[in-house]
Amino acid sequence: VIEEQAAVHRCKAHVDMMQDEYPAYPITVNDEVKHEHVKRVSRLLLGLEKVLA
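Numbering-wise (the numbering used here), the sequence shown opens with residue 33 and increments by one.
Here it is in structure tokens:
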């Protein structure tokens, strides 16, 4: 997208994500057991009406 947008204005762009120096974080994978635990404890501490999960 960046390179194409630069081309619209007759310019050039180069994108370097620096994967070697700054590797990407892994994707987030939700854990159903942990989610239920946090939801239960949150409701105990904050009250049922305060936790939307």
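Think of the CB as a built atom: it goes at the ideal place given N, C-alpha and C, for glycine as much as any other residue.
Pairing K82 with I59, the inter-Cα distance amounts to about 28 Å. Annotation for K71: A85 place their beta carbon closer than 6 Å to its own, counting only its chain and skipping 5 residues before and after. Rounded to whole angstroms, the separation of the alpha carbons of L80 and M49 is 44 Å. Considering only H67, V61 and E35, the residue with the shortest C-alpha distance to V47 is E35.
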